[in-house]
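As structure tokens, the structure follows; a few thoughts come after it.
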Amino acid sequence: MRLETAVPVGLEPRLLSHVSFSVFVVADEQDMLDILERCAGMPFVVEETTVRRVQCAVLTGTLAQWRDAVKNGSRRDVERNVRYCFNRIRGLFVSENVNVWTDCRERTALDETFYLE
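Note that the working numbering has the sequence shown beginning at 2, numbered continuously upward.
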């Protein structure tokens, strides 16, 4: 039985749950809570910085988890700073030719971010 999922040519669906990536994120406390909430199920480490109310985190997830997190964090109803963070994370993957969002349509938002449909 083969799992049929929209993935780029050359990237087998089984690799979505096999390959893991870590991302370093810096955000204020409130945005960090929203970011971590959208990365449900991913292990993370959060640390305070020397700047008041700013935190940094390392999040690690499979490609399937990142695919879901970026889709969830790049929705139209997501706060701008959080959506911007997930737009940048998506950009990191795409720049490395790992685009697992080919089944999503990118729409430009008025705040110079984009959301995925």
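Each residue gets a CB set at the ideal place from its N, CA and C atoms; glycine is no exception.
Do you know whose CA, among Gln66, Asn82, Val47, lies nearest Trp102's CA? Gln66
Does the contact criterion of 3 or more C-beta pairs under 8 Å hold for the segment 44-54 versus the segment 104-114? no
Quick check: what's the CA-CA separation for Met43 versus Gly62? 5 Å
Between the Cα of Val24 and those of Asn100, Glu30, Phe94, spot the shortest distance and give me the residue it belongs to. Phe94
Looking at the unbroken beta strand (DSSP E) that takes in Ser21, where does it start and where does it end? 21-29
Just curious, the alpha helix (DSSP H) that Gly62 is in, first and last residue? Unbroken run through Gly62 is the beta strand (DSSP E), 55-63; no alpha helix (DSSP H).
Rounded to whole angstroms, what's the CA-CA distance from Gly74 to Ser21? Just pull it up for me. 19 Å
Under the rule that 16 or more other beta-carbon atoms within 10 Å means buried, what is Leu111, buried or exposed? exposed
Buried or exposed: Ala41, going by 16 or more other Cβ atoms within 10 Å of its Cβ? exposed
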